[in-house]
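Residue numbers (UniProt numbering): 1 to 145.
From the three backbone atoms N, C-alpha and C, an ideal C-beta is built for every residue, glycine too.
Being a predicted model, the structure only gives us computed values, none of them experimental.
Here it is in structure tokens:
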């Protein structure tokens, strides 16, 4: 069985919780990504997404140059380990309707990578279509994904 270690991205850029929302948005633009893990050192604290910025900051009237990532990040983040199977993580992604999952070391909790639906679609031998169908289906109002 193929493991997450074989398909994950290991060179993950992170943002600190004290950084401004504006800086997080700039990083997303530079990296061409829609989410960035929020870390203190190499400890994962949460994730900040383009949706978090739009809904929790801009729509709430916060000044992007003053509001911090820590104020708007998603804290209850689903994670996986590098030893989990691709099939297991694809199933979790489908169930939770999420497109990316931080990979943490099972012992220390340190961020060691990230796996996206794109990684799984291009690098994994398991089909990602089922997970994509579940992720792309409408979710209940108020569900952040």
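In the structure shown, the three-state DSSP call for residue 13 is coil.
Beyond the five residues adjoining it in sequence on each side, residue 82 comes within less than 7 Å, by CB distance, of 3, 4, 5, 8, 103, 112, 113 in the same chain, given in chain order. With fewer than three CB-CB distances shorter than 8 Å, the segment 26-41 does not count as touching the segment 55-68.
Of the other Cβ atoms in all chains shown, 16 or more fall within 10 Å of the Cβ of residue 100; this residue is therefore buried.
The beta carbon of residue 34 lies closer than 7 Å to those of 28, 49, 50 in the same chain, with the five residues before and after it left out.
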